[in-house]
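A quick write-up on the structure given underneath.
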């Protein structure tokens, strides 16, 4: 069986160029797991509250947004704090991927120069460790939602699927940024400004449905994070199933982003050691 799988892998590598880096990632899954564990231990080391810090930032911003948008600029959104929390926790995974992913290769230059390993594991492991923080942060979100009268149902079984699709999308983003930052160090400064702009262009503290139909469609096409936030809100806040074509479009967008990021990273991997 092992020989058959190896032969199949060889054939696929020859016929589909993108299969090779995906296969390398799979073969390096133990290394990937160790990198994720390292990131988690580093973040929680000597921390009294542990993973609760992952929830502290969105909770504080939720308090601010709730005060602003229910008192100063009233929004007609029931349980607005739950609505915003879902958006912030989802957004934080994207923000952590972008801000951390851009340094994931350059920050490990000492390791890259000394050891031969699958370089793609560096940005991908960052995505996965940040994803663990997001999943853990959703636990208090669910408790607050239930305490506020929101009643999530069996639709939560779709939650792991959406997380997996988002992980694929963010892996593509991290791979692309990590590679770009090796050759263009200005990317770091651009990312800081772009993140702030994207935050306000993403329906974190407002409903995408509040836009016109044409702008809503455009938002979902140009900003995949809008789709992820809306889907989590459907599952937890609205207790409504996302349309199958909506999930399919998210999956296609994510696979396309992953393919682009992986192709660019592998294309430049040959001279990565010298450039880093």
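Residue numbers (my numbering): 5 to 280.
Beta carbons: idealized from backbone N, C-alpha and C, even for Gly.
Since this is a predicted model, take the numbers as computed values, not measurements.
Would you say residue i and residue j are within 7 Å of each other, going by their C-beta atoms?
i, j, result
"residue 172", "residue 269", "no"
"residue 163", "residue 115", "no"
"residue 108", "residue 230", "no"
"residue 86", "residue 41", "no"
"residue 2", "residue 259", "Lying outside 5 to 280, the shown extent of the chain, residue 2 is not represented and no answer is given."
"residue 232", "residue 94", "yes"
"residue 185", "residue 194", "no"
Near residue i, what residues of its chain come up, given a Cβ to Cβ distance below 8 Å and the 5 sequence neighbours on each side ignored?
i, result
"residue 123", "109, 116, 269, 273, 276"
"residue 199", "99, 102, 103"
"residue 35", "121, 122, 125"
"residue 83", "149, 152, 153, 154, 241"
"residue 264", "176, 180"
"residue 29", "36, 122, 124, 125, 128"
In chain order, what residues of the same chain have a beta carbon less than 6 Å from the beta carbon of residue i, not counting five sequence neighbours either side?
i, result
"residue 105", "127, 130, 178, 181, 182"
"residue 151", "none"
"residue 257", "228"
"residue 5", "Here the model assigns residue 5 a pLDDT of 49, short of 50, so the residue's position is not dependable, and the following value carries that caveat. Closer than 6 Å at Cβ, skipping near neighbours: no residue."
"residue 255", "169"
Output needed for residue i: all residues of its chain with C-beta closer than 7 Å, excluding positions within five of it in sequence on either side, in chain order.
i, result
"residue 92", "62, 65, 66, 208"
"residue 4", "Since the displayed the chain opens at 5 and closes at 280, residue 4 lies outside it and no answer follows."
"residue 135", "97, 167, 171"
If residue i sits next to residue j, beta carbons under 8 Å apart, how far is it from one beta carbon to the other, in whole angstroms?
i, j, result
"residue 166", "residue 224", "Rounded, the Cβ-Cβ distance is 15 Å, inconsistent with contact."
"residue 174", "residue 97", "7 Å"
"residue 81", "residue 211", "7 Å"
"residue 245", "residue 161", "Contact flag wrong, Cβ pair sits at about 11 Å."
"residue 222", "residue 145", "So it is not a contact: roughly 28 Å between Cβ atoms."
"residue 206", "residue 213", "Not quite, the Cβ-Cβ distance comes to about 14 Å (not below 8 Å), so this is no contact."
Taking the alpha helix (DSSP H) that residue i falls in, what are its first and last residues?
i, result
"residue 103", "84-105"
"residue 236", "228-237"
"residue 270", "248-272"
Within the region 113-141, ranges of the alpha helix (DSSP H) (whole runs, at least 4 residues): 113-118
Every unbroken alpha helix (DSSP H) within the region 165-218, with a cutoff of 4 residues, ordered by chain: 191-205
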